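Working notes for the structure below.
There are 2 protein chains.
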Amino acid sequence: MNGADSLVKTLLAGGIDVCFTNPGTSEMHFVAALDANDGMRCILGLHENVVTGAADGYGRMAGRPAATLLHTGPGLANGLSNLHNASKGGTGIVNIVGDHATYHLQYDAPLTADVAGIADAVSDWRRTSESSRHVAADGAAAITAARTHPGQIATLILPADTAWGPADGPVEPAMPPPPAVPGDAAIKAAVEALRRGSKTALFLGGPNLSGDRLEIAGRIAVHTGARLWSPMSNARTDRGAGRVTVERTPYPVDQALEALADFSDVVLVGAAAPVAFFAYPDKPSRLLPPDCRVHVLTTPTEDGAAALTRLAEAVGAMKSEPPLTQFEETGLPTGDLDIDKIAATVAALMPDEAIVIDESLTSGRNLDRLTANARPHSWLQICGGSIGIGPPLATGAAVACPARRVLALQSDGSGMYTLQALWTQARENLDVTTVIYSNRAYAILQMEMRGVGVEAPGPKARDMMELQRPDLDWVSLARGMGVEAARAETAEAFNDLLAVGLARRGPFLIEACL
Amino acid sequence: MNGADSLVKTLLAGGIDVCFTNPGTSEMHFVAALDANDGMRCILGLHENVVTGAADGYGRMAGRPAATLLHTGPGLANGLSNLHNASKGGTGIVNIVGDHATYHLQYDAPLTADVAGIADAVSDWRRTSESSRHVAADGAAAITAARTHPGQIATLILPADTAWGPADGPVEPAMPPPPAVPGDAAIKAAVEALRRGSKTALFLGGPNLSGDRLEIAGRIAVHTGARLWSPMSNARTDRGAGRVTVERTPYPVDQALEALADFSDVVLVGAAAPVAFFAYPDKPSRLLPPDCRVHVLTTPTEDGAAALTRLAEAVGAMKSEPPLTQFEETGLPTGDLDIDKIAATVAALMPDEAIVIDESLTSGRNLDRLTANARPHSWLQICGGSIGIGPPLATGAAVACPARRVLALQSDGSGMYTLQALWTQARENLDVTTVIYSNRAYAILQMEMRGVGVEAPGPKARDMMELQRPDLDWVSLARGMGVEAARAETAEAFNDLLAVGLARRGPFLIEACL
Chain A
86 MNGADSLVKT
96 LLAGGIDVCF
106 TNPGTSEMHF
116 VAALDANDGM
126 RCILGLHENV
136 VTGAADGYGR
146 MAGRPAATLL
156 HTGPGLANGL
166 SNLHNASKGG
176 TGIVNIVGDH
186 ATYHLQYDAP
196 LTADVAGIAD
206 AVSDWRRTSE
216 SSRHVAADGA
226 AAITAARTHP
236 GQIATLILPA
246 DTAWGPADGP
256 VEPAMPPPPA
266 VPGDAAIKAA
276 VEALRRGSKT
286 ALFLGGPNLS
296 GDRLEIAGRI
306 AVHTGARLWS
316 PMSNARTDRG
326 AGRVTVERTP
336 YPVDQALEAL
346 ADFSDVVLVG
356 AAAPVAFFAY
366 PDKPSRLLPP
376 DCRVHVLTTP
386 TEDGAAALTR
396 LAEAVGAMKS
406 EPPLTQFEET
416 GLPTGDLDID
426 KIAATVAALM
436 PDEAIVIDES
446 LTSGRNLDRL
456 TANARPHSWL
466 QICGGSIGIG
476 PPLATGAAVA
486 CPARRVLALQ
496 SDGSGMYTLQ
506 ALWTQARENL
516 DVTTVIYSNR
526 AYAILQMEMR
536 GVGVEAPGPK
546 ARDMMELQRP
556 DLDWVSLARG
566 MGVEAARAET
576 AEAFNDLLAV
586 GLARRGPFLI
596 EACL
Chain B
86 MNGADSLVKT
96 LLAGGIDVCF
106 TNPGTSEMHF
116 VAALDANDGM
126 RCILGLHENV
136 VTGAADGYGR
146 MAGRPAATLL
156 HTGPGLANGL
166 SNLHNASKGG
176 TGIVNIVGDH
186 ATYHLQYDAP
196 LTADVAGIAD
206 AVSDWRRTSE
216 SSRHVAADGA
226 AAITAARTHP
236 GQIATLILPA
246 DTAWGPADGP
256 VEPAMPPPPA
266 VPGDAAIKAA
276 VEALRRGSKT
286 ALFLGGPNLS
296 GDRLEIAGRI
306 AVHTGARLWS
316 PMSNARTDRG
326 AGRVTVERTP
336 YPVDQALEAL
346 ADFSDVVLVG
356 AAAPVAFFAY
366 PDKPSRLLPP
376 DCRVHVLTTP
386 TEDGAAALTR
396 LAEAVGAMKS
406 EPPLTQFEET
416 GLPTGDLDID
426 KIAATVAALM
436 PDEAIVIDES
446 LTSGRNLDRL
456 TANARPHSWL
466 QICGGSIGIG
476 PPLATGAAVA
486 CPARRVLALQ
496 SDGSGMYTLQ
506 ALWTQARENL
516 DVTTVIYSNR
526 AYAILQMEMR
536 GVGVEAPGPK
546 ARDMMELQRP
556 DLDWVSLARG
566 MGVEAARAET
576 AEAFNDLLAV
586 GLARRGPFLI
596 EACL
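Line by line, the protein sequences are chains A and B.
Everything in the first sequence is counted per this note's numbering, starting at 86 for the first residue and increasing by one.
Everything in the second sequence is counted per this note's numbering, starting at 86 for the first residue and increasing by one.
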């Protein structure tokens, strides 16, 4: 058995059975080991940021890490920005990054790079294997790290000779330490804050926006009058009919300041205190009122489930009925297409337990409100702000949940960063319906330029924010990668195409012309 | 005047008048400053690796740096692998990377990242501006660094408040120190090595593969009997009719060992001693014979032009006639298309002073030999081994040299990493003709897998090296980005399409089906 073989067997022993890959020469022994061991599903991406973003989507929906296979420092660099997003979202991922053989590094061959330095920019855990006999234990440690609550980026650098040299066998990964449970003082402070009723917000983040936790938070809110809020971007929010609805912090600073203006107390449950996405001249970075008291019930690495249960018991809310959202049947819009009509159609046609990938940016302005009473669904956002997450995230979520429909709401400028993911969707025949908001602009920059005080940008500035000359043709781009696609210019056409897309097997793309 | 304005004026004062951009919110004041100042050409890329790869192509052909504009740590990360390539190729680039306002970093907003850590992986020079009044001086220092021989990666991190705060005015960049000239001992050792005639190779790298230097090297070779060699990958080689032809180190280790087996002495002129691209079990990393003597005439940072002149004078070769390559008229191939026929057509139709971008990988096997006697041209290769350089490199080279034709020879798998560059070629109406070698595989990996000892890869391994299911349709991909394209299935069709592509204004893409 060689090192690569011992690592693949260790991954399988650790419950990792999906590997998103973009290999190169230094990973050929690992590829051979993937091939030789049953049970590992290998999914090729044609760009590394597809690979890492797919692992993020998989991890968010499967609740356990996928592995990635990347080629040396530059391959890792290509996947770095979606690892940044995954890290900010608290997704566990095990990256296997091949490198030159240990003895070859001294020669500074072309691909020689500071792999560890690149990895450290996004990794919670990083190790370079020193010999083929260490690889299995190193891999086991990476798995334990990736599974540490709520999820961590673990990067194992695998020099080629540690993959091809001899090994003793796989290693069973240890269980990570359980997340810390908050102490009495934190519970007591939260209880006191909740006495202030609607002037208090429970700010829920990370895994506290799905499942039982959300129901328990709903019980607390109903019982105390507190409001339920969340950050502006969240890895996964379960919402819609039958779920407890949580309000979301708006992106525009002025709207956020207004929305949060009346709170005297905020109790953080796995979330940070809300801050502006960017700084702007003469606007504050912190979004809470200056005199608002902030109480940390749990940090993102602590046990939110136990904390919410203890808090509900402390305020006597466990028997309250959580405020479950009602389904509202809505009609289909007609006439000229606009972003609110797209939202209305999405709300009307979204199937039960859809997974919505939201990289709609400015085009998603009212999506949150207009889909609040749709059928139950999971909503996945971009947590690290690095655009180009949508197509890969949709890919990984579909791999994790083959029985659920993935609906990817995608702004055009962002989608162009990782359009290669469409090919993987086609190869794996994934049930992903992508809606491109085709406004032919970096519309968010047009908005931001006004936000920083430039009212009338000149021709060079406008050119850097428009995707015109030439217009992108998303139908051709999708077909070029084997994904069927069509264009919608009216609401009626969009209604029809979305129904078609959601009913068929495999991927489909709709270019919604705005 | 604000910091951004002072920086743009400093760039212009430093002779930088092209900026490849992919901006975000934190760069909006810099965008406004680009807009407000005449003389700076701004070119948008839809992915950061297009931006950095284009700056590399520009720098190689213009002989001076372009600027890039990138958005925070993740934006820099997206462009990192082509900066790695540029760094290995010795291209000067000034990266302007926006970041959060200094006072906003403490809040860990989503895009907060270790920008400096990411930059350090590829930068020869890196600084974070501390105040708007320092920005101009910092920019001037970056320009000086980027212009340091043969060219360096200089990265200036620009927090948003240093862009929008007050500044005093631009700063004139200092000239970089001239490259060191080799001393008498190095000349003497090289002269002695050259006495061994054809058992000695002059290994030319970096800027020593173009212009007068090549002619002087040719005089030395003719006079002493020494052979002229170059590394396997070079930033720019001027070659073809009327030029001195230099042999190139083969990529396959066994071929390289054989080609270099007879040398007793190697004189390095701006090149490193040749090493294997990758390590392989039971093969050496060093490609020269174990007893071959290696003499460093100049390192890559030293003055190769002065060194070659001094060396030619020392051996009395300045009056020798350099061995200039003869033009050979060749016919056009017919019948089924294959890679050698593509090379033959390229050799026959290549116009005078074409710029050939070579990311053909396995498909380029005999390109070097078959084009040696074509019309004079420049040949640009991938120096850092990170695939996906071709389309951006072609873009930047075409911006630098609007009077020359760019012919991009592109493998399909590599092209998919940065296909977004086609859109920029269309927007700027650049005279780039791209030939996609459409073999629907990572053929180099299929070759490498055999090289590491796996003779019959199984289905999972094969899947990770094939680009089939679905086939990529490059004609649709190109059209989706506004580039006209057509498919060639025969040699005759390829001949016709290449003639069409090279004759028209603006970009054109040929999918050569193999």
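Just so you know, even glycine gets a beta-carbon here, dropped at the ideal spot from N, CA and C.
It should be emphasised that the depicted structure is a prediction, and the values quoted were computed from it without experimental measurement.
Where A/V93 is concerned, the enclosing alpha helix (DSSP H) starts and stops at 88-98. Listed in chain order, the non-local C-beta contacts of B/D437 below 7 Å within the same chain comprise R460, P461, local neighbours out to five positions each way being set aside. Contact with chain A is absent for B/N87, since none of that chain's Cβ atoms lies less than 7 Å from the residue's Cβ.
At a cut-off of 7 Å between beta carbons, A/K426 makes no contact with chain B.
Contacts between B/T106 and chain A, judged by CB atoms closer than 9 Å, involve M549 in chain order.
For A/E577, the uninterrupted alpha helix (DSSP H) segment begins and ends at 576-588. With contacts defined by Cβ atoms closer than 7 Å, A/I521 and A/W559 form a contacting pair.
The contact set of A/W559 on chain B, defined by CB atoms closer than 9 Å, consists of G565 in chain order. At a cut-off of 7 Å between C-beta atoms, A/D123 does not count as an interface residue with respect to chain B.
Residue pairing for B/L409: DSSP places it in a beta bridge opposite B/V329. Sequence-distant partners of B/V307 (beyond 5 residues in either direction) whose C-beta falls short of 6 Å from its own C-beta, in its chain, are S405, P408.
Listed in chain order, the non-local C-beta contacts of B/A364 below 8 Å within the same chain comprise S370, local neighbours out to five positions each way being set aside.
Per DSSP, B/L594 is one residue of the beta strand (DSSP E) stretching across 593-598.
Residues A439, V441, T518 of the same chain have their beta carbon placed closer than 6 Å to that of A/L492, with the five preceding and five following residues left out of the count. Assigned with DSSP and collapsed to three states, B/F105 falls in strand. Shortest Cα-Cα distance from B/S91 to any of B/A118, B/T106, B/L446 involves B/A118.
Interface annotation, A/T110: in contact with chain B, CB-CB separation under 7 Å. The DSSP assignment places 296-309, 338-344 as complete runs of the alpha helix (DSSP H) inside the segment 285-355 of chain A, in order along the chain (cut-off: 4 residues). Here B/S561 is buried, its C-beta having at least 16 other C-beta atoms within 10 Å. Note that the C-beta distance between A/D184 and A/V200 is below 7 Å. A/T410 and A/R298 have their alpha carbons spaced roughly 16 Å apart.
Annotated as distal: A/A204 and A/T229, with beta-carbon spacing of 7 Å or more.
Counting the other Cβ atoms within 10 Å of the Cβ of B/K273 gives fewer than 16, which makes it exposed. Residues of chain A with a Cβ closer than 7 Å to the Cβ of B/V360 are, in chain order, Y192, A194. The closest CA to that of A/M566, considering only A/L452, A/F593, A/S523, A/L507, is found on A/L507.
Under the 7 Å criterion on CB atoms, A/A152 is classed as non-interfacial with respect to chain B. Secondary structure at A/T187: helix, using DSSP grouped into helix, strand and coil. Counting along the chain, B/Q495 sits inside the beta strand (DSSP E) bounded by residues 491-496. If you compare the alpha carbons of A/V351, A/M435, A/P418, A/G420 with that of A/F412, the shortest gap goes to A/M435. Contact annotation: B/D246 and B/A198 have beta-carbon atoms that are not nearer than 7 Å. Not a single C-beta of chain A is nearer than 7 Å to the C-beta of B/D437. Only A361, F362, F363, A364, P366, S370, R371 from the segment 361-379 of chain B bring a Cβ to less than 8 Å from some Cβ of chain A. Neighbours of B/G183 in chain A, taken as residues at a C-beta separation under 8 Å, are lacking, since the least C-beta distance is about 10 Å.
The beta carbon of B/G401 sits closer than 8 Å to those of H308, all from its chain and outside the five residues before and after it, given in chain order.
For A/A570, the uninterrupted beta strand (DSSP E) run begins and ends at 569-573, by DSSP.
Residues of the same chain with a CB within less than 6 Å of the CB of B/E569, apart from the 5 flanking positions on each side, are F593 in chain order.
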